[in-house]
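**Q**
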Amino acid sequence: MSDFYDVVVVGAGAAGIAAGRRLAKAGVSFVLLEARNRVGGRAHTIQREQALDLGCGWLHSADRNPMVALAEASGFTVDRTPAPWTRQSGHVGVTDAELEDFRKTFAVFENRIDAEAEKMPPVAASAYLESGNRWNPMLHAIFSYISGATLECIDARDYARYEDTGQNWRVREGYGAVFAALGAELPVVLDARVTGVESGAGVRLQTSRGVVEARGAIITVPTSILHTIAFAPEMQEKLEAAAGLPLGTAEKVFFALAEPEEFPVDGHLFPRFDTADMGSYHLRPSGKPVVESYFGGDLARGLAEAGADAMVAYAKEELASLLGSSFPARLTTLASSAWAVDPLAMGSYSYAKPGCAEMRAVLAAPREPLFFAGEACSKHRYSTAHGAFETGHEAAEQVLVFLQRSMPTG
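Numbering (the UniProt record's numbering), first residue to last: 1 to 410.
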């Protein structure tokens, strides 16, 4: 690693990788400093006979998601099978009429937020619930998956600003594997945690691998750990913005499934419909002999803090309640996530606290020679890998303009 660059990018997740790709195209000198021993950040595919995404796994708004073309151009296979989330395979525990009633309730709730949130003073999304509606617990559960937090914690205006086309696809070889491949093309220094950033005429970064200097820097770390970097001069508005945009929690546990043919490809099960505290179970995703268990919000955080064994036991108990007491014997644990207790993440993806929707713009605003990127900086595509990627590209464009403007003139 050199000790001086045009640009240093802090973090080699989706945003950092996008920034690096743009900087490489521009021909400036740069390096990505990554605290982990791998690239990808919260995009992480592991191999356990099957490709398993411990982090982000869905190409959301896939019909306009730039990662689709990038994945396919890199030799990956995009599975365009519709997401199964709105289905209950075998109608276990619920009738067709009840499912349709819930779908209508969900649509009414979202439409109410979309129509009113921008016109009203900032409130939590829970303010738009219909008091006493039988489906309110289920709405809480769904939003714990979407936002990683309860409806009481989520700013309604911020939620209304999220753009979603409803098209959700997957990468058969793993979404995280796409970012690993893209990152492999870039100059990255691993195990290089940045602890201090001094900025003025240039940038001086204190790292676990030594001191690095640059003309400019792009900061892409999660909001949950931004405060661990000592900025000089202080950046109080950035820390306040990050505090208003904490990371919610989503966790997964994967099981290999014996005799999988009994179950539909891309099947789905909710264990019950009268509580917010439950998992969501994807059966044979992309045809793999696997059950993917998904938890969100306070339940996910509690399970992550309790440890992998607790998460496995919880998932097996819920699956047994659906499919019989003998069903867990057909499961072999493959892997589980623990983003809530990962010291380099401390959560999964951002949500805005009530009254903090405007903090995304504050977080994203340049403080030359520093620039900022990451999913939490995205006004309309926060909480997604492609949203992070887009902000990284935008920050790189900003720093390139800055470099051009600050070139010494003869």
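Even glycine gets a Cβ: it sits at the ideal position worked out from N, Cα and C.
1) Can you give the beta carbon distance from Ala35 to Arg193, rounded, assuming they're within the 8 angstroms contact cut?
2) Considering just the uninterrupted stretch of the beta strand (DSSP E) at His268, what are its terminal residues?
3) Taking 8 angstroms as the threshold (C-beta atoms), are Gly41 and Ala12 in contact?
4) Using the DSSP secondary-structure output, state which residues sit across from residue 416 in a beta bridge.
5) Could you tell me whether the Cβ atoms of Arg330 and Asp6 are closer together than 8 angstroms?
6) Buried or exposed for Arg301, going by 16 or more other Cβ atoms inside 10 Å?
7) Who does Thr333 pair with in a DSSP beta bridge?
8) Quick check on DSSP: helix, strand or coil for His282?
9) Which whole-angstrom value describes the C-beta separation of Cys153 and Leu245, a residue pair presumed to lie in contact below a C-beta threshold of 8 angstroms?
10) For the UniProt domain "Amine oxidase" (15-104), which segments carrying the alpha helix (DSSP H) assignment without a break, of at least 4 residues, lie completely within its bounds, in sequence order?
11) Nearest CA to the CA of Val8: which residue from Ile218, Pro222 and Cys377?
12) Tyr128 to Ile142, Cα distance in whole Å?
13) Count the other CB atoms within 10 Å of the CB of Ala69; is the residue buried (16 or more) or exposed (fewer)?
14) Terminal residues of the continuous beta strand (DSSP E) containing Tyr5?
15) Could you say if the stretch 82-89 and the stretch 257-272 meet the contact criterion of at least three C-beta pairs nearer than 8 angstroms?
16) In terms of DSSP beta bridges, what is Phe372 paired with?
17) Using a Cβ-Cβ cutoff of less than 7 angstroms, which residues in the same chain neighbour Glu237 once the five nearest sequence positions on both sides are dropped?
18) Quick one: using the 10 Å Cβ neighbour count with 16 as the cut-off for buried, is Ala97 buried or exposed?
19) Per DSSP, what kind of secondary structure is Phe231 in: helix, strand or coil?
20) My output table needs one value for Arg204: the three-state DSSP class, helix, strand or coil.
**A** In short:
1) 4 angstroms
2) Gly267 to Leu269
3) yes
4) The question about residue 416 has no answer, for the chain in this structure spans 1 to 410.
5) no
6) buried
7) Phe255
8) strand
9) About 12 angstroms; that fails the 8 angstroms criterion.
10) 66-73
11) Ile218
12) 15 angstroms
13) exposed
14) Phe4 to Val10
15) yes
16) Ile219
17) Val362
18) exposed
19) strand
20) strand
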